[in-house]
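K.L.:
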Amino acid sequence: MTKKLLSIFIVMVMLFSLAACGRGSEEPAGTTDGSEEPAKTDNGQEQTDETNEGSEAKVGGQIIIGNTTELSGDWVPYFQNNAADYDIYNFITGYSLVETTHEGEFVINKTVVAKDPEVKVNEDGSKTYTWTIKDGLTYSDGTPITAKDYVATIMLWSSPVVGEMGGSNTAGQYFVGWKDFATGKSKVFPGVRLIDEKTFSFTIDAEYVPYFYELALVSSSPTKLSFWTDETVDIKDDGQGCYFTDNFTLEAYKDKINAARRAIPRPSTGPYVLESYDEASKTAVLKINPKFQGNYEGQKPHIETIIYKKVTSETALDELKTGGVDLLTQMASGSEIQAGLDLVESEEGKFDYIAYPRSGYGKLHFVCDFGPTQYPEVRQAIAYLLDRNDFAKAFTGGFGSVVNGPYGEAMWFYIETKDELNQKLNHYPYSVEKAIEVLEKGGWIYDENGNPYQEGKGVRHKKTEDGKLMPLIIEWAASEQNPVSELLVVKLQKNPDLEKVGMKINQTVMTFSELLNYFYRDVTEDPKYGEPTYHMFNLATNFTPMYDLSNQYTIDPELYAQGTNQNYIKDEKLAKLAQEMVKVDPEDRELFKKKFVEFIVRWNELLPDLPLYSNIYHDFFNAKLKNYKNNDLIQLVDAILYAYVEE
Amino acid sequence: MGKYIIKRIIYMIFVFFVMSFVLFFLYNMIPGDPARAQLEPLKNKLTPEEYQYRYEQLRKTMGLDDPLIVRYGKWIRNTLKGDLGMSIVYKQPVIEVVKTPLKNTVFINIFAIALALGITIPLGIHCAVKKNSLFDKTVQVLTIVGYSIPVFIIVLLFIYVFAVILQWFPVSGMSTPNFKGTPFQAFLDRLYHLALPLMVLTVGSLGGMTRYVRAAMIEALSMDCIKTARAKGLKEKVVIYSHAWRNALLPVITLIIGWLMSVFSGSLVVERMFNLHGMGKFYIDALSNQDYNVALAIQMFYIVIALIGNLITDLSYGLVDPRVRVNR
Numbered sequence: 001m002t003k004k005l006l007s008i009f010i011v012m013v014m015l016f017s018l019a020a021c022g023r024g025s026e027e028p029a030g031t032t033d034g035s036e037e038p039a040k041t042d043n044g045q046e047q048t049d050e051t052n053e054g055s056e057a058k059v060g061g062q063i064i065i066g067n068t069t070e071l072s073g074d075w076v077p078y079f080q081n082n083a084a085d086y087d088i089y090n091f092i093t094g095y096s097l098v099e100t101t102h103e104g105e106f107v108i109n110k111t112v113v114a115k116d117p118e119v120k121v122n123e124d125g126s127k128t129y130t131w132t133i134k135d136g137l138t139y140s141d142g143t144p145i146t147a148k149d150y151v152a153t154i155m156l157w158s159s160p161v162v163g164e165m166g167g168s169n170t171a172g173q174y175f176v177g178w179k180d181f182a183t184g185k186s187k188v189f190p191g192v193r194l195i196d197e198k199t200f201s202f203t204i205d206a207e208y209v210p211y212f213y214e215l216a217l218v219s220s221s222p223t224k225l226s227f228w229t230d231e232t233v234d235i236k237d238d239g240q241g242c243y244f245t246d247n248f249t250l251e252a253y254k255d256k257i258n259a260a261r262r263a264i265p266r267p268s269t270g271p272y273v274l275e276s277y278d279e280a281s282k283t284a285v286l287k288i289n290p291k292f293q294g295n296y297e298g299q300k301p302h303i304e305t306i307i308y309k310k311v312t313s314e315t316a317l318d319e320l321k322t323g324g325v326d327l328l329t330q331m332a333s334g335s336e337i338q339a340g341l342d343l344v345e346s347e348e349g350k351f352d353y354i355a356y357p358r359s360g361y362g363k364l365h366f367v368c369d370f371g372p373t374q375y376p377e378v379r380q381a382i383a384y385l386l387d388r389n390d391f392a393k394a395f396t397g398g399f400g401s402v403v404n405g406p407y408g409e410a411m412w413f414y415i416e417t418k419d420e421l422n423q424k425l426n427h428y429p430y431s432v433e434k435a436i437e438v439l440e441k442g443g444w445i446y447d448e449n450g451n452p453y454q455e456g457k458g459v460r461h462k463k464t465e466d467g468k469l470m471p472l473i474i475e476w477a478a479s480e481q482n483p484v485s486e487l488l489v490v491k492l493q494k495n496p497d498l499e500k501v502g503m504k505i506n507q508t509v510m511t512f513s514e515l516l517n518y519f520y521r522d523v524t525e526d527p528k529y530g531e532p533t534y535h536m537f538n539l540a541t542n543f544t545p546m547y548d549l550s551n552q553y554t555i556d557p558e559l560y561a562q563g564t565n566q567n568y569i570k571d572e573k574l575a576k577l578a579q580e581m582v583k584v585d586p587e588d589r590e591l592f593k594k595k596f597v598e599f600i601v602r603w604n605e606l607l608p609d610l611p612l613y614s615n616i617y618h619d620f621f622n623a624k625l626k627n628y629k630n631n632d633l634i635q636l637v638d639a640i641l642y643a644y645v646e647e
Numbered sequence: 648m649g650k651y652i653i654k655r656i657i658y659m660i661f662v663f664f665v666m667s668f669v670l671f672f673l674y675n676m677i678p679g680d681p682a683r684a685q686l687e688p689l690k691n692k693l694t695p696e697e698y699q700y701r702y703e704q705l706r707k708t709m710g711l712d713d714p715l716i717v718r719y720g721k722w723i724r725n726t727l728k729g730d731l732g733m734s735i736v737y738k739q740p741v742i743e744v745v746k747t748p749l750k751n752t753v754f755i756n757i758f759a760i761a762l763a764l765g766i767t768i769p770l771g772i773h774c775a776v777k778k779n780s781l782f783d784k785t786v787q788v789l790t791i792v793g794y795s796i797p798v799f800i801i802v803l804l805f806i807y808v809f810a811v812i813l814q815w816f817p818v819s820g821m822s823t824p825n826f827k828g829t830p831f832q833a834f835l836d837r838l839y840h841l842a843l844p845l846m847v848l849t850v851g852s853l854g855g856m857t858r859y860v861r862a863a864m865i866e867a868l869s870m871d872c873i874k875t876a877r878a879k880g881l882k883e884k885v886v887i888y889s890h891a892w893r894n895a896l897l898p899v900i901t902l903i904i905g906w907l908m909s910v911f912s913g914s915l916v917v918e919r920m921f922n923l924h925g926m927g928k929f930y931i932d933a934l935s936n937q938d939y940n941v942a943l944a945i946q947m948f949y950i951v952i953a954l955i956g957n958l959i960t961d962l963s964y965g966l967v968d969p970r971v972r973v974n975r
């Protein structure tokens, strides 16, 4: 018996042997000591305004940020669109001419700009912004920053070399002459001028002015050209516009640019310097950039070291609890949020959280140029037949809300017009009677034989202009393994009231890429995709602080044919309002708000989309992190900049 | 023997080309447009004209406008030259992006396989020798339980017990972020991080192999030659390890070589849950991101490994059992 027990013991010893050899190594960085004195903290919804608190805090400490998106190690957003890499990019990129406030407004960065830009409207209608930067700005490696560095950003990331490498060369897309320069037709970029060592100008093409977000269009941050090329490549301006020296070619610099995308060390202009990246563990380490002079408010970072690592959603909160990470951002799933709140409550004082609304929503996207969904009454009837409050509650676990138009609840112009919108917008409460009413108003009053429709018997029909009967059958394309689709089946497609109303919804499940083919009517893969097939898709959308939906609802024949108007909605008033909203002077906030309200009211009536839920994001963090305030309109670095660590 | 190996290698080349053809066509039949998928994130940043221009350029660059057979020809020619194409996600040559996950997987699997074989073979032999004893019955029950529980559950259980409650190990990761130390300390740090995944991998593989070895040994121990050996008065250790184990090895060797070849293949669940950048997760990510150059390269690599594994297995039969001849 002893031998048997010994055998079991040996097996167990072998299993734990590796564990034992690892105990001698250092404790994981950032491990939370269980004996840590609990700090008294408020939860996010009760936080007081302490914006400047960070400026008095001591520099030091370390935080580990966990993200479920994995870093790729490609640090510029011109070749990829990875959200985690973009966070790192923002940590190491600063001194932008124009920055975004926490409310999503664009402001001139006074830390960088010596005086407000000189603005001149030219004879051809284009508009020139002339910038003068301050002395004393440097990269993290000490190299002085000059006007050429600001011009280099627009030039390099608009160049045909980058375009031919498969990167995005649209940095100067709103400037005069961009298209010719970006496609290699012209060597000179007339919309970009290098005037002297501290002065340069950007000229917005007449087509884009006036524009409410002009400041965002004429912004740039410094790029050290020699890092991407070498000392021999230069930017010159002989009076007609900037151009590269002739040695800047694809053949000569493709490899150098590709290497620079991932290179470490790299010159930083942001609050942090990228110190290392471990590809095996997908972890990046950032250290404070001592040369950084602050953001538009002069705010400098206080947290000495930032570690950015990948976490798995299933164990993310365990990582927070055990000190594997100190900050988890934008948690959206109801079960995760509930577990996070339980953690904050059960270990009082050790953890904290903030909550903020998502700037976007999940939606039903209607196709408005064929079938039943071309009629607003049908779209409205669908809205009445889906209890969206119930849907949002079920999907977000109670951590979400319902919006009635294309906006995010944190946007400044929504906040300032909220009361007016609430009065004017139809909230589409669940109502079978209203659904029937709008359908009857829209002419859906026949049965399949053209006789008056009798409630609950088959589907309704409408006599179209050519005298044919159109059945009220909605074809819905849903992507596979999508929890929204699954919930929509329960809450909408299988809703018994649909039969009562005389509507039928057929669901087709497909891969997301195939769904995109139908969505874009992309005939390059197969002619079948060009044929309008589905009336409805369930998708999601997010808004950036540059709120411009003019292309999305355009009726311009050329743009429409190119599929820019993805709802295929041809409404003159909606298109006009979307245009007018952004075609206002940047200073005229009141007019912008007025146009915004008019646009939203029209949109709410037409319902090209039906917003389903807008998440309330939750950031959970170790209570050692102080003065941390985030929202969906700013970048993570903007929140970290004001935060500090108190051990 | 030499002739046999050459014949097998010719077969392998044939199978390789057939499989490459089938896989290439299968991947290209999946609905979706890789050029569209690649450009989709940029859609909001581009003007419609620029989007269309870039889209057409991209299709041209990716060779999507060529007929499928032409594309296959180009792909196989480049593959044979060692150029596996570009990853559309990482925008780097496939050969570059696959290096790190492959290295990680091999590192993990060497320990996992050594541990698993080190435990299962002696355990299986012991159970067979002590057949129907309390120890044998206990191991049988435990291996059945271990065999039946999905790895996903084992992972969550182990993380909860060893990382969250006891806090002996980190929840995930391959090394301490921002670790500073000597290479040896870094090695130990890596082992410390990998201890929990290794425990899961080992526990997950104990059941099957232990039962297999036990069954093979029981059969071997009942052979006449074993009775003769015992009748000759040989020591029990000699009977078990020299005579019975050698006979039991023949069916077991297929499994053992299969395991050894699996050193290159990652465990999706374990890698995902412990955030290990290994081949299993990397392959699934490539598939879900429609990064077909990467997925195809990995698939072809596994085909080569499987073909070599089969050859080694067949050759090893001859080495283990002189009655088996592989010279025809």
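Here the protein sequences line up with chains A and B, keeping their order.
Under the numbering used here, think of the first position of the first sequence as 1, with each following residue one higher.
Under the numbering used here, think of the first position of the second sequence as 648, with each following residue one higher.
Glycine included, C-beta positions come from ideal geometry on N, C-alpha and C.
1) Of all Cβ atoms in chain A, is any one closer than 8 angstroms to the Cβ of B:Met864?
2) Could you check whether the stretch 738-749 of chain B touches the stretch 811-826 of chain B, counting it as contact only if at least three pairs of C-beta atoms, one from each stretch, sit closer than 8 angstroms?
3) Determine, using beta carbons only, whether A:Val140 and A:Pro267 come nearer to each other than 8 angstroms.
4) Roughly how many angstroms separate the alpha carbons of A:Gln45 and A:Leu421, rounded to a whole number?
5) When DSSP labels each residue in this structure, what does A:Val188 get in the three-state scheme?
6) Under the three-state reduction of DSSP, which class applies to A:Glu465: helix, strand or coil?
7) By DSSP, does A:Lys310 sit in helix, in strand, or in coil?
8) Let me know if B:Ile959 comes out buried or exposed under the rule of 16 or more other beta-carbons within 10 Å of its beta-carbon.
9) Return yes when the Cβ of A:Lys593 is within less than 8 angstroms of the Cβ of A:Glu416, no when it is not.
10) Along the chain, where does the alpha helix (DSSP H) that runs through B:Ile768 open and close?
11) Helix, strand or coil for A:Glu558, going by three-state DSSP, please let me know.
12) Counting beta carbon pairs with one atom in the stretch 745-765 of chain B and one in the stretch 901-921 of chain B, are three or more of them shorter than 8 angstroms?
13) Using the beta-carbon count (16 or more within 10 Å), is A:His653 buried or exposed?
14) May I ask which residues mark the beginning and end of the beta strand (DSSP E) holding B:Met648?
15) In three-state terms, what does DSSP make of B:Met908?
16) Between the beta-carbon of A:Thr511 and the beta-carbon of B:Pro678, is there less than 8 angstroms?
17) Residues of chain A with CB closer than 7 angstroms to the CB of B:Asn825, please, in chain order.
18) Note the first and the last residue of the continuous alpha helix (DSSP H) segment covering A:Glu437.
19) How about A:Phe175 and A:Asp196: do their beta carbons lie closer than 8 angstroms?
20) Step through the CB atoms of chain A and report whether any lies within less than 8 angstroms of the CB of B:His924.
21) Quick check: is the beta carbon of A:Ile65 nearer than 8 angstroms to any beta carbon in chain B?
22) Distance check for A:Ile473 and A:Lys463, CA to CA, integer angstroms please.
23) Taking a cut of 9 angstroms between CB atoms, which residues from the stretch 760-772 of chain B lie near chain A?
24) At which residues does the beta strand (DSSP E) containing A:Gln62 begin and terminate?
25) Between B:Glu883, B:Gln946, B:Ile873, B:Arg701, which has its C-alpha nearest A:Gly166's C-alpha?
26) For A:Asn295, does the three-state DSSP call read helix, strand or coil?
27) Can you look up B:Gly956 in the DSSP assignment and give me helix, strand or coil?
28) Using a Cβ cut-off of 8 angstroms, pull out every chain A residue sitting near B:Ala684, in sequence order please.
29) Run the CB neighbour count on B:Leu813, radius 10 Å, all protein chains shown included, and call it buried at 16 or more, exposed below.
30) Output the boundary residues of the beta strand (DSSP E) element that contains B:His840.
31) Does DSSP classify A:Ala643 as helix, strand or coil?
32) With three or more C-beta pairs closer than 8 angstroms as the rule, is the stretch 618-636 of chain A touching the stretch 59-67 of chain A?
33) Just grab the DSSP bridge partners of A:Gln507 for me.
34) Kindly give me the distance between the Cβ atoms of A:Gln566 and A:Gln579, rounded to whole angstroms, as I take these residues to be in contact under 8 angstroms.
35) Applying a beta-carbon distance threshold of less than 7 angstroms, which residues of chain B neighbour A:Gln80?
36) What's the gap between the Cα of A:Asn631 and the Cα of A:Asn247?
P.N.:
For this structure:
1) Walking along the second sequence from the start, residue 864 of chain B turns up at place 217. False, the Cβ-Cβ gap to chain A never drops below 8 angstroms.
2) no
3) Taking the first sequence and counting its residues from 1, the one referred to as residue 140 of chain A is at position 140. Taking the first sequence and counting its residues from 1, the one referred to as residue 267 of chain A is at position 267. Per the sequence shown, the amino acid found at residue 140 of chain A is Ser instead of Val. Cβ atoms of A:Ser140 and A:Pro267: closer than 8 angstroms.
4) As a working mapping, residue 45 of chain A is identified with position 45 in the first sequence. As a working mapping, residue 421 of chain A is identified with position 421 in the first sequence. Interpretation of A:Gln45 is limited by its pLDDT of 35, a score under 50 that renders its predicted location unreliable; the figure taken from the coordinates is listed afterwards. Between A:Gln45 and A:Leu421, the C-alpha separation is close to 24 angstroms.
5) For this step, residue 188 of chain A is matched to residue 188 along the first sequence. Coil, per DSSP.
6) Your numbering for residue 465 of chain A matches position 465 in the first sequence. A:Glu465: coil per DSSP, three-state reduction.
7) Along the first sequence, one-based indexing puts residue 310 of chain A at 310. Correct three-state label for A:Lys310: strand.
8) For the purposes of this step, residue 959 of chain B is taken as the residue at position 312 of the second sequence. Exposed is the call here.
9) The residue given as residue 416 of chain A occupies position 416 in the first sequence. The residue given as residue 593 of chain A occupies position 593 in the first sequence. In this structure, A:Lys593 lies closer than 8 angstroms to A:Glu416 by Cβ.
10) By 1-based counting over the second sequence, the position of residue 768 of chain B is 121. 746-776 is the span of the alpha helix (DSSP H), which, as asked, contains B:Ile768.
11) Walking along the first sequence from the start, residue 558 of chain A turns up at place 558. Note: A:Glu558 maps to helix in three-state DSSP.
12) yes
13) One cannot answer for residue 653 of chain A here, as it falls past the ends of chain A, which runs 1 to 647.
14) For the purposes of this step, residue 648 of chain B is taken as residue 1 along the second sequence, with counting starting at 1. Neither: B:Met648 is in no beta strand (DSSP E) and is coded neither H nor E.
15) Position 261 of the second sequence holds residue 908 of chain B. In the structure shown, B:Met908 sits in a helix (DSSP, three-state: H, G or I).
16) Residue mapping note: residue 511 of chain A aligns to position 511 of the first sequence, counting from 1. Residue mapping note: residue 678 of chain B aligns to position 31 of the second sequence, counting from 1. Their beta carbons are under 8 angstroms apart, which means A:Thr511 touches B:Pro678 by this criterion.
17) For the purposes of this step, residue 825 of chain B is taken as residue 178 along the second sequence, with counting starting at 1. The contacting residues are Ala29, Val285, Thr305, Ile307.
18) For this step, residue 437 of chain A is matched to residue 437 along the first sequence. Counting along the chain, the alpha helix (DSSP H) containing A:Glu437 begins and ends at 432-441.
19) In the first sequence, counting from the first residue as 1, residue 175 of chain A sits at position 175. In the first sequence, counting from the first residue as 1, residue 196 of chain A sits at position 196. Their beta carbons are not under 8 angstroms apart, which means A:Phe175 does not touch A:Asp196 by this criterion.
20) Against the second sequence, residue 924 of chain B aligns to sequence position 277. Chain A contact via Cβ: present.
21) What you label residue 65 of chain A is simply residue 65 of the first sequence in a count that begins at 1. No - not a single Cβ of chain B is within 8 angstroms of the one on A:Ile65.
22) Reading the first sequence from its first residue, position 463 is the one you call residue 463 of chain A. Reading the first sequence from its first residue, position 473 is the one you call residue 473 of chain A. Roughly 14 angstroms between the two C-alpha positions.
23) Leu762, Gly765, Ile766, Pro769, Leu770
24) Here residue 62 of chain A refers to the residue found at position 62 of the first sequence. Per DSSP, A:Gln62 belongs to the beta strand (DSSP E) from 60-67.
25) Locating residue 166 of chain A in the first sequence gives position 166, where the first residue counts as 1. When only C-alpha atoms are compared, the closest one is B:Arg701.
26) Within the first sequence, numbered from 1, the residue matching residue 295 of chain A stands at position 295. Coil, per DSSP.
27) On the second sequence, residue 956 of chain B is found 309 positions in, with the first residue counted as 1. DSSP places B:Gly956 in helix when its eight states are reduced to three.
28) Along the second sequence, one-based indexing puts residue 684 of chain B at 37. Those within 8 angstroms of B:Ala684 in chain A are Ser513, Leu516.
29) Indexing the second sequence from 1 puts residue 813 of chain B at position 166. When all chains shown are included, B:Leu813 counts as exposed.
30) For the purposes of this step, residue 840 of chain B is identified with residue 193 of the second sequence, where counting begins at 1. Run containing B:His840: none in the beta strand (DSSP E); it sits in the alpha helix (DSSP H), 830-868.
31) In the first sequence, counting from the first residue as 1, residue 643 of chain A sits at position 643. Of the three classes helix, strand and coil, the one that applies to A:Ala643 here is coil, per DSSP.
32) yes
33) Counting from 1 along the first sequence, the entry for residue 507 of chain A is found at position 507. Per DSSP, A:Trp476.
34) As a first step, residue 566 of chain A is located in the first sequence; it is residue number 566 there, counting from the start. As a first step, residue 579 of chain A is located in the first sequence; it is residue number 579 there, counting from the start. Their Cβ separation, rounded to whole angstroms, is 17 angstroms, which puts A:Gln566 and A:Gln579 out of contact at 8 angstroms.
35) Sequence index remark: in the first sequence, residue 80 of chain A carries index 80 (1-based). Neighbours of A:Gln80 on chain B, chain order: Lys738.
36) Walking along the first sequence from the start, residue 631 of chain A turns up at place 631. Walking along the first sequence from the start, residue 247 of chain A turns up at place 247. If you take the alpha carbons of A:Asn631 and A:Asn247, they lie about 45 angstroms apart.
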